[in-house]
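Novice: The structure that follows is given in the form of structure tokens.
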Amino acid sequence: MTVAMKNQWAVGRLTDKMSNDLLLPEETVRVRREARTFADDVLRPAAHELNCTPETRDGFRYDIFNAITAAGLYRVPYPADVGGLGLEFPTLAALTVLEELGYYSPGIASAMYDGQAILVGKTLDAAGGAVRATWLPKIVRGEIVGSFATSEPEASTDLSVNTLKTTARQVDGGWRIDGRKRWITNSVAADRVLVLCRTEANTSTFFVDMHAAGVRVAEPDRKMGNHAQLTADIFFENVFVTDADVVGTPGAGLRTALGALALGRMGIGAVGVGMAQRALDVAADYTSRRHVFGKPIAAFQHWQFRFAEHAIEIEAARNIYQKAGMNVDRGAAAEPLAAMAKVKGSALAVDVARDAIQACGGYGFARELMADGDQWPLESIYRDAKIGEIYEGANEVQKWVIARAMFGRAITG
Ligand SMILES: Cc1cc2nc3c(=O)[nH]c(=O)nc-3n(C[C@H](O)[C@H](O)[C@H](O)COP(=O)(O)OP(=O)(O)OC[C@H]3O[C@@H](n4cnc5c(N)ncnc54)[C@H](O)[C@@H]3O)c2cc1C
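Spelled out as structure tokens, the structure:
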């Protein structure tokens, strides 16, 4: 029996049968409903194109960015004074949005929500003062595209002051920035970028105008996955910024950047849960209908146990990111739960995608069957999943953070 599926993108959601949001606040359930409607209506029809089109300089999807804005999703993480929804549990709700966007397009979720709304927005939010009042409402209203730049060609996991090459030196009326940042998400479209710079013996963060003289963005990188997440190098040559563009306390730039990164990492965990869920949904649907040796593939206990184990792990990963988000909303420290959420969700996405492809055989491996035009989503989920284990703090470093909470810095360093 052949089970060619034109509409593989519309499989049912196992979460509806196997899980529920009964323990979540009503406001979070409402946000999930709205984010899911948005994802089903806007991302599902575009997902194959978003996830499979190679990166180009003019490839930033303003239509999707504007649709996220119109759906009000950038308002979710923020208080009312900057135009946000003013939720009681804004981090939890924002992570829920990320799971829903990541279900169809991890590239869009990572660039346009984790990057824009969490990394850029939360850094401005924590900085307070005029920089928050001026720029955060524009992020919430989707009026500017933002980028977050800590990584450099030779400094990424390790951002200590001596590894950073991008510098800011104080001049009359402001600062001059020189250097180069690498892998910067959204940079080809960004209006403003948060830049971590070395300032003599310490670091400071600036919100730099991307249209200023001396700023140049390279062609976007060609990557294994997350094609909808455009990254590129940014070059800064004698770029002038004013004192008003300093974000947070001068000299404490790394602390300013790391605060938002802890939230971003929970987001990577939530996107991983979305990807894992999508891979499981597709594989469960396919293996229930595809027959081998006279019965569905799902009738073999090997796959029943495998997928049952994955269902347990997805539920666990979802619970960790939710607990991590809720903790932050209640004023508790982000770590080590943020690290746990990131490691668990990102590794799970890779594991489930790999098994889902195996169970679906050649159809799992295919992107598009040209004879009949069928599109298959699993290969892109597998490609997209891998970066979650690497970026926003490699998983090895996250395990170090968890071990540090267990043993103390005196032992772990
Ligand atoms: C798609 C994409 C989007 C990105 N977006 C942004 C962005 O918007 N802004 C930005 O600033 N950066 C961004 N980055 C950079 C990203 O955060 C870095 O790639 C990531 O931090 C890894 O850095 P690296 O590649 O230089 O690896 P390195 O720092 O060289 O690390 C390589 C590997 O070394 C290992 N390692 C490192 N430290 C330890 C340790 N203590 N113990 C054990 N093993 C260790 C890990 O396995 C790690 O993967 C992005 C990258 C990609 C690919």
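The sequence shown begins at 0 in numbering that gives the first Met the number 0 and counts up by one.
Ideal Cβ placement from N, Cα and C applies to all residues, glycine included.
The beta strand (DSSP E) that contains Q169, what's its start and end?
Specialist: Translated into the one-based positions of the sequence shown, residue 169 becomes position 170. Segment T166 to V170, the beta strand (DSSP E) holding Q169.
Novice: CB-CB under 6 Å to W182, same chain, minus the five flanking residues each way: which ones, in chain order?
Specialist: Walking along the sequence shown from the start, residue 182 turns up at place 183. Contacts found: S150 and T230.
Novice: Return helix, strand or coil for W182, following the three-state DSSP convention.
Specialist: Numbered from 1 along the sequence shown, position 183 holds the residue referred to as residue 182. Strand.
Novice: Can we count S155 as close to ligand 1, meaning its CB is less than 7 Å from some heavy atom?
Specialist: Start at 1 with the first residue of the sequence shown, and residue 155 comes out as number 156. S155: yes, Cβ under 7 Å from ligand 1.
Novice: Mind checking which residues open and close the alpha helix (DSSP H) that includes N50?
Specialist: Along the sequence shown, one-based indexing puts residue 50 at 51. R43 to C51 is the span of the alpha helix (DSSP H), which, as asked, contains N50.
Novice: Straight-line CA distance for N185 to T55?
Specialist: What you label residue 185 is simply residue 186 of the sequence shown in a count that begins at 1. What you label residue 55 is simply residue 56 of the sequence shown in a count that begins at 1. C-alpha separation (whole angstroms): 12 Å.
Novice: Going by C-alpha to C-alpha distance, which of Y103, K137, G128 and I107 sits closest to V119?
Specialist: Position 120 of the sequence shown holds residue 119. Selected option, being the one with the closest Cα: K137.
Novice: Decide if the region 204-217 is in contact with the region 235-242; the criterion is three or more beta carbon pairs, one per stretch, under 8 Å apart.
Specialist: Yes, the region 204-217 is in contact with the region 235-242.
Novice: Kindly confirm or deny that the region 78-96 and the region 246-258 touch, where touching means at least three C-beta pairs closer than 8 Å.
Specialist: No, they do not touch.
Novice: Rounded to whole angstroms, what is the Cα-Cα separation between N19 and R317?
Specialist: Position 20 of the sequence shown holds residue 19. Position 318 of the sequence shown holds residue 317. If I take the Cα positions, the gap works out to 11 Å.
Novice: Comparing the CB of F147 with every heavy atom of ligand 1, is any distance shorter than 7 Å?
Specialist: Here residue 147 refers to the residue found at position 148 of the sequence shown. F147 Cβ: within cutoff of ligand 1.
Novice: On a Cα-Cα basis, can you pick out the residue from V400, G392 and G271 that is closest to S155?
Specialist: To locate residue 155, count along the sequence shown from 1; it is residue 156. For S155, the nearest C-alpha among the options comes from G392.
Novice: Taking the CB atoms as reference points, tell me whether G114 and M274 lie closer together than 8 Å.
Specialist: If you number the sequence shown from 1, residue 114 lands on position 115. If you number the sequence shown from 1, residue 274 lands on position 275. Cβ atoms of G114 and M274: not closer than 8 Å.
Novice: In terms of alpha-carbon separation, which member of P152, A69 and T198 lies closest to V160?
Specialist: Along the sequence shown, one-based indexing puts residue 160 at 161. Selected option, being the one with the closest Cα: T198.
Novice: Just to check, is the beta-carbon of Y390 closer than 7 Å to a non-hydrogen atom of ligand 1?
Specialist: Here residue 390 refers to the residue found at position 391 when the sequence shown is read from its first residue. Yes, the beta carbon of Y390 sits closer than 7 Å to at least one heavy atom of ligand 1.
Novice: By a C-beta neighbour count over all protein chains shown, 10 Å radius and 16 as the cutoff for buried, is T133 buried or exposed?
Specialist: Within the sequence shown, the letter at position 134 stands for residue 133. By the 10 Å Cβ count, T133 comes out exposed.
Novice: Should R221 go down as buried or exposed, given a rule of 16 or more other Cβ atoms within 10 Å for buried?
Specialist: For the purposes of this step, residue 221 is taken as the residue at position 222 of the sequence shown. Label assigned to R221: exposed.
Novice: Return the CA-CA distance between D57 and H226, expressed in angstroms with no decimal places.
Specialist: The residue you call residue 57 lines up with position 58 of the sequence shown. The residue you call residue 226 lines up with position 227 of the sequence shown. Each residue's Cα considered, the two are about 13 Å apart.
Novice: Using a Cβ-Cβ cut-off of 7 Å (strictly less than) and excluding sequence neighbours within five positions of A346, which residues of its own chain qualify?
Specialist: Stepping through the sequence shown from its first residue, residue 346 is reached at position 347. Excluding sequence neighbours, A346 sits near E388 and N394.
Novice: Check S345 in the structure and name its three-state DSSP category.
Specialist: Along the sequence shown, one-based indexing puts residue 345 at 346. Of the three classes helix, strand and coil, the one that applies to S345 here is helix, per DSSP.
Novice: Is V396 near ligand 1, going by C-beta to nearest heavy atom under 7 Å?
Specialist: Numbered from 1 along the sequence shown, position 397 holds the residue referred to as residue 396. For ligand 1, at least one heavy atom lies less than 7 Å from the Cβ of V396.
Novice: Look up Q357 in the DSSP assignment and say whether it is helix, strand or coil.
Specialist: On the sequence shown, residue 357 is found 358 positions in, with the first residue counted as 1. Note: Q357 maps to helix in three-state DSSP.
Novice: For the beta strand (DSSP E) that contains L253, what are its first and last residues?
Specialist: To locate residue 253, count along the sequence shown from 1; it is residue 254. Segment G252 to R288 is the alpha helix (DSSP H) holding L253; no beta strand (DSSP E) there.
Novice: In whole angstroms, what is the alpha-carbon distance linking A251 and L257?
Specialist: Within the sequence shown, numbered from 1, the residue matching residue 251 stands at position 252. Within the sequence shown, numbered from 1, the residue matching residue 257 stands at position 258. Their Cα atoms are separated by approximately 10 Å.
Novice: Any contact between the region 259-270 and the region 326-346? By contact I mean 3 or more CB pairs, one from each, below 8 Å.
Specialist: Contact holds: three or more Cβ-Cβ distances are below 8 Å.
Novice: Helix, strand or coil for W174 per DSSP?
Specialist: Counting from one through the sequence shown, the residue named residue 174 turns up at place 175. W174 falls in the strand class under three-state DSSP.
Novice: Going by C-alpha distance, which of L97, T411, Y320 and A355 is nearest A34?
Specialist: For the purposes of this step, residue 34 is taken as residue 35 along the sequence shown, with counting starting at 1. Here the closest residue by C-alpha is L97.
Novice: Check whether the Cβ of I386 sits closer than 7 Å to any heavy atom of ligand 1, and report yes or no.
Specialist: Here residue 386 corresponds to residue number 387 of the sequence shown, with the count starting at 1. Yes, the Cβ of I386 comes within 7 Å of a heavy atom of ligand 1.
Novice: If you measure from the CB of G255, is any heavy atom of ligand 1 nearer than 7 Å?
Specialist: By 1-based counting over the sequence shown, the position of residue 255 is 256. One detail in the question is off: residue 255 reads as Thr in this sequence, not Gly. False, no ligand heavy atom lies under 7 Å from that Cβ.
Novice: Among R12, R179, V349 and Q374, whose alpha-carbon lies nearest the alpha-carbon of I380?
Specialist: Residue numbering aside, residue 380 sits at position 381 when the sequence shown is read from its first letter. The shortest Cα separation from I380 among R12, R179, V349 and Q374 belongs to V349.
Novice: Indicate, with yes or no, if ligand 1 has a heavy atom lying under 7 Å from the CB of E225.
Specialist: Counted from its first residue, the sequence shown places residue 225 at position 226. A quick correction: the sequence has Asn, not Glu, at residue 225. At least one heavy atom of ligand 1 is nearer than 7 Å to the Cβ of N225, so yes.
Novice: How is R12 classed by DSSP in three states: helix, strand or coil?
Specialist: Against the sequence shown, residue 12 aligns to sequence position 13. If DSSP states are grouped into helix, strand and coil, R12 belongs with coil.
Novice: What is the DSSP secondary structure of S109, counted as helix, strand or coil?
Specialist: One-based indexing of the sequence shown puts residue 109 at position 110. The answer is helix: DSSP assigns S109 an H, G or I state.
Novice: In this structure, what does DSSP give as the bridge partners for L193?
Specialist: What you label residue 193 is simply residue 194 of the sequence shown in a count that begins at 1. According to DSSP, L193 bridges with F147 and F206.
Novice: Measure from the alpha carbon of D40 to the alpha carbon of each residue in T52, R29 and I67, then state which is nearest.
Specialist: Position 41 of the sequence shown holds residue 40. Minimum Cα distance to D40 is reached at I67.
Novice: Quick check: is any heavy atom of ligand 1 less than 7 Å from the C-beta of W174?
Specialist: The residue labelled residue 174 in the question sits at position 175 within the sequence shown. Incorrect: W174 has no Cβ contact closer than 7 Å to ligand 1.
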